[in-house]
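Here the structure is laid out as C-alpha cells; the discussion comes afterwards.
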Amino acid sequence: MRVFESTLVRGQSAWSQWRLRALVFVAALVPMLIWLLVDARLARPWQAAGWAGLCALLAAAAPGRWLKWGGYLQILMLPLTLGWLAAVAVTGMGPSTASLGSVTNGAYREVMTASRVVMMNHDFRIVASAVALAVMAMGWALWRAGPVVQQRGVSMIFLLALVPGSAAVLDVGGFREYAKLAGSEARVGVVWLSHLEMLKEAGRVLLNQSAMGGRAESIATRSAGQAVKTFDFFPGVGVFIVGESLRADALMKPGRGPWSERLAQRLDEGLGLRLPDACAGGNGTFVSYPRLVTAVDVADEAGAARGPTLLAIAKAAGARTAYLNNHEIWVVPEAGHDFTQKISSMDVNTFDEVAIEAMGDFLKRTDAPSKAVLIHLYGQHFFYEQRYPAALFPGEPKGLESDALSELRYQRAAEYGAKVLLQAAQELDRLSVPAFLVFTSDHGEHLPSDGTGKRFHAGPTSALGDSVVPVLVLWNKAFRDSGRQHLLDRFGRERGLIAHQDAARAWLALSGRPGGLEPSPHPQTWGALDRGQRTGPVSCSELKP
C-alpha cells in the first residue's frame with residue numbers, strides 16, 4: 001500500500017501547483033515582517049526565523065488536498081493573525097494570556113480604546129496590509145486551482161519538516177524535553193506557534209469552566225457573607241485604594257508638579273509613609289487585582305478566584321463597608337456590602353476625583369464606629385490623556401514626537417493621580433476618628449523611555465516596568481496620635497521589594513487584625529520570564545527590564 005501517490009506533474013499543471021505552494025509559503029511568512037519594523041528585538045531571532053520558515057514549509061509542502069485545507073485555514077485564522085500583529089506592533093512583545101483575559105473579560109470601552117491604539121500604529125498598518133494582500137492572492141489561487149496532484153519529492157519534504165514541527169504540540173502529550181526544540185520565545189514570536197499556544201490556553205480555560213459548571217473564574221461573583229470573623233475592626237476608618245497602570249517611579253516624581261510636592265510634604269509632616277515598592281501579583285488587571293484584594297499568595301488561584309476580599313473580611317469584623325468602582329468593569333464583583341457603587345459605565349468614564357467624593361459622602365452619612373472602603377480607580381491606563389482633566393495642565397508643546405507626547409501624557413495622568421490621593425487624604429483629615437488609607441496600583445506600565453521596545457502592560461513576559469508598583473499609606477492626625485502606624489515599622493526597614501499581598505496584609509493589620517506583620521520573604525508575581533513560557537509563580541528577584 002502506497003501512502004503517497006507518485007504521479008509526476010508536468011507542464012502548466014506543475015507550474016500552477018508550484019505557484020500555489022509558493023503563495024501559501026509567502027502568505028505564512030509575511031506576518032513575521034513586523035519584527036523588522038518594531039523597536040523591540042527578539043533575543044533569539046534566528047530561532048524564531050527558523051521556526052517561521054518551518055511552519056511556512058509545512059503549509060506549502062502539505063500533500064494533496066491538505067495543501068488547500070492549510071491555505072483555507074490561513075484565511076480563517078486571519079483575525080487571529082491580525083490580533084497577533086497588533087500585540088507585537090503595540091506592545092513590542094506579542095499576545096499573552098493576560099491580554100487575552102483583558103479582551104475576553106474586559107470592558108467594551110477598554111477593548112475599543114486598545115483597538116484605536118492599534119489602528120494608529122503605522123507598523124501595524126503596513127504589515128497588516130501586506131498580510132491582507134498575500135492572503136487575498138492565496139485565496140484567489142486556491143479558488144481557481146483544480147485538484148492538487150502529488151508532486152515528486154514534496155511528500156518527503158513534508159515528512160522531514162513534520163518531525164521537528166511536532167515539537168510545538170508534543171508538550172501537551174508530556175514529551176516536554178522534545179518540545180523544548182520550540183523555544184519559549186518562538187512560541188510567542190512566531191505567529192503560527194503563537195496561535196497554537198493561545199488555542200491551547202483557550203482550551204484549558206474552557207475545560208476549567210466546564211469543570212466549574214460554566215463559571216469563569218476571573219469574574220465569579222462572590223458574597224461578603226462568606227467571610228468569617230477573626231478580629232474586631234478598630235474604631236475608625238480604613239480605606240484601600242487600587243490604582244491602574246501606575247508604575248513605581250511615577251508616584252510623587254520630584255519636580256513634576258504641585259500635587260506630588262504636597263504629597264511629599266505630607267509624609268515629611270508625619271502623616272504618611274511610603275512603603276517599599278511592591279511586586280504586583282501579575283502584569284494585567286485580571287491577574288493581579290483578584291490576588292491583591294483577597295490578600296492570597298500568588299500561587300493560590302482558587303483563593304483569588306473565589307475567596308472573600310479584604311473588604312468582606314472587614315465587614316465580618318464589624319465594619320460598615322462601601323465598595324466603589326471607577327474602573328470600566330467589575331473585576332471582582334462582591335455582593336453583600338452596605339454600599340456599592342459603580343461610577344463609570346461601559347461608554348462613559350468619570351475622573352477619579354468623583355470616586356473620592358463618593359467615598360467622602362459614604363463616610364459622612366454612615367453612622368457607625370467602624371467603616372471600611374475599597375476603591376478601584378480609573379488610574380493611568382492608556383489612552384493617558386483621557387485619565388485627567390486637560391484644563392489642569394498647560395497646553396501640550398507643539399512638535400513633540402509620538403513617544404515624547406506619550407511620556408508627557410502618562411506623567412500628567414500620574415500627577416493627577418497624586419491630586420486624587422491628596423483629595424482622599426483631605427477626606428480623612430475632616431474626620432475626628434482615626435482614619436488611614438493604603439494605596440497601590442494593580443500593575444505597572446512600560447514606557448518608551450525604558451528603551452526596551454516594550455509598551456503598556458499584560459505582555460507575555462513579566463518585567464520590572466509593568467510589575468513593580470508603589471505602596472503608599474496616608475493617615476490623619478487622630479490616627480497618628482493613636483500610634484497604630486508603628487505597626488508598619490518593620491516594612492520601613494525593608495530594602496528590597498515587598499509582595500503585593502503585603503499591602504493588603506498591612507491594611508488588615510492597621511484595621512485591627514492581630515498577629516505580626518513581616519514582609520514576605522520571597523515576593524512572587526504570576527507570569528513568565530521568557531516568551532512562551534507557561535505562566536505561573538515567578539520570583540520577583542529574577543525580573544528584568
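Take the sequence shown: its position 239, counting from 1, is numbered 239 in UniProt numbering, and each next residue is one higher. Backbone N, C-alpha and C fix where the C-beta goes; we use that ideal spot for every residue, glycine too. All values derive from a computational prediction rather than experimental measurement.
Apply the 10 Å Cβ neighbour rule to Phe286 and answer buried if 16 or more other Cβ atoms are within range, or exposed otherwise. Counting Cβ neighbours within 10 Å, Phe286 comes out buried, since at least 16 surround it.
Specify the secondary structure class of Glu494 as computed by DSSP and reduced to three states. DSSP places Glu494 outside both helix and strand once states are collapsed to three, so it counts as coil.
Are the beta-carbon atoms of Tyr72 and Leu142 separated by less than 8 Å? Yes. Within cutoff.
Run through DSSP, which three-state label would Thr294 get? Helix.
With distance defined between alpha-carbon atoms, name the residue in Ala132, Gln524, Met119 nearest to Ala89. With distances taken between Cα atoms, Ala89 lies closest to Met119.
Once the 5 residues before and after His381 are set aside, which same chain residues still bring their CB inside 6 Å of it? Taking His381 as the centre and dropping the five residues before and after it, the same chain places the C-beta of Glu244, Ser245 closer than 6 Å to its C-beta, in chain order.
Identify every residue that forms a DSSP beta bridge with Glu334. DSSP lists Arg222 as partners of Glu334.
Measure the C-alpha to C-alpha separation of Gly213 and Arg291 and round it to an integer number of angstroms. Interpretation of Gly213 is limited by its pLDDT of 49, a score under 50 that renders its predicted location unreliable; no figure is taken from the coordinates.
Checking 8 Å against the spacing of the C-beta atoms, do Trp507 and Gly238 come in under that value? Yes, these two residues count as a Cβ contact at 8 Å.
With a 10 Å radius around its C-beta and 16 neighbouring C-beta atoms as the bar for buried, classify Val228 as buried or exposed. The residue is exposed, with fewer than 16 neighbouring Cβ atoms inside 10 Å.
List the whole-angstrom C-beta distance separating Leu85 from Ala128, where the pair is believed to meet the contact cut-off of C-beta under 8 Å. Indeed they touch by this definition, with Cβ atoms about 6 Å apart.
Candidates Phe234, Cys55, Leu29: which alpha carbon is nearest Val135's? For the residues Phe234, Cys55, Leu29, the minimum Cα distance to Val135 belongs to Leu29.
For Ala319, I'd like the list of residues in its chain whose CB is within less than 7 Å of its CB, leaving aside the five on either flank, ordered along the chain. Only Phe233, Ser370, Lys371, Ala372 meet the Cβ criterion.
Segment contact, 8 Å Cβ cut-off, at least three pairs: the stretch 437-446 with the stretch 479-489: Output reads no: the stretch 479-489 does not touch the stretch 437-446.
Using C-beta distances below 6 Å, list every residue in its chain close to Arg21, excluding the 5 sequence neighbours before and after it, in chain order. Taken in chain order, the residues that qualify are Ala60.
On a Cα-Cα basis, can you pick out the residue from Val420, Asp367, Met77, Leu488 that is closest to Leu510? Looking from the CA of Leu510, the closest CA among Val420, Asp367, Met77, Leu488 belongs to Leu488.
Across which residues does DSSP place Gln524 in a beta bridge pair? Bridge partners of Gln524: Ser539.
If I follow the unbroken alpha helix (DSSP H) through Pro258, where does it start and stop? Unbroken alpha helix (DSSP H) run through Pro258: 258-268.
Just confirm the distance between the C-beta atoms of Asp297 and Gln501, as a whole number of angstroms; I'd bet it's less than 8 Å. About 7 Å; that satisfies the 8 Å criterion.
Start and end residues, alpha helix (DSSP H) containing Lys454: From DSSP, Lys454 is part of no alpha helix (DSSP H); its letter is neither H nor E.
Among the residues of its own chain, which have a CB less than 7 Å from the CB of Arg262, if the five just before and after it don't count? Annotation for Arg262: Leu422 place their beta carbon closer than 7 Å to its own, counting only its chain and skipping 5 residues before and after.
Does the beta-carbon of Ser520 have 16 or more other beta-carbons within 10 angstroms, so that it is buried, or is it exposed? By the neighbour-count rule (16 or more Cβ atoms within 10 Å), Ser520 is buried.
Residue closest to Ala304, alpha-carbon to alpha-carbon, out of Leu57, Pro333, Leu377, Thr321: Measuring from the Cα of Ala304, the nearest candidate turns out to be Pro333.
In this structure, how does DSSP classify Ala145 when only helix, strand and coil are distinguished? Ala145: coil per DSSP, three-state reduction.
Does the distance from the C-beta atom of Gly444 to that of Val471 stay below 8 Å? Between Gly444 and Val471, the gap from beta carbon to beta carbon reaches 8 Å or more.
With a 10 Å radius around its C-beta and 16 neighbouring C-beta atoms as the bar for buried, classify residue 553 as buried or exposed. With the chain represented from 1 up to 545, any question about residue 553 goes unanswered, as that position is not in the structure.
Distance check for Pro45 and Ala190, CA to CA, integer angstroms please. The sequence given here has Val at residue 190, not Ala. Rounded to the nearest angstrom, the two C-alpha atoms are 10 Å apart.
Mind checking who Gly465 pairs with in its DSSP beta bridge? Its beta-bridge partners do not exist; DSSP assigns none.
Other residues of its chain near Leu273: CB distance less than 7 Å, five sequence neighbours each side excluded: Taken in chain order, the residues that qualify are Leu267, Val473, Gln485, Leu488, Gly492.
Could you check if Lys398 is buried or exposed, using at least 16 other CB atoms within 10 Å of its CB as the buried criterion? It counts as exposed.
What separation, rounded to the nearest whole angstrom, lies between the Cα atoms of Ile75 and Gly83? Cα to Cα, the separation comes out at about 14 Å.
Limits of the alpha helix (DSSP H) - the one that Ala322 falls within: From DSSP, Ala322 is part of no alpha helix (DSSP H) but of the beta strand (DSSP E) over 320-325.
Buried or exposed: where does Glu518 fall if 16 or more other Cβ atoms within 10 Å of its Cβ makes it buried? Within 10 angstroms of the beta-carbon of Glu518 lie fewer than 16 other beta-carbons, which makes it exposed.
Could you compute how far the alpha carbon of Leu8 sits from the alpha carbon of Val154? Note that Leu8 scores 45 on pLDDT, short of 50, meaning its location in the model is unreliable; the coordinates nonetheless yield the value given after this. Going from the Cα of Leu8 to the Cα of Val154 covers about 11 Å.
Quick check on the DSSP output: the alpha helix (DSSP H) that includes Gln74 runs from which residue to which? Unbroken alpha helix (DSSP H) run through Gln74: 65-76.
Apart from the five residues on each side of it in sequence, which residues of its chain come closer than 8 Å, Cβ to Cβ, to Val293? Taken in chain order, the residues that qualify are Phe240, Val242, Thr309, Leu310, Leu311, Val332, Leu374, Ala504.
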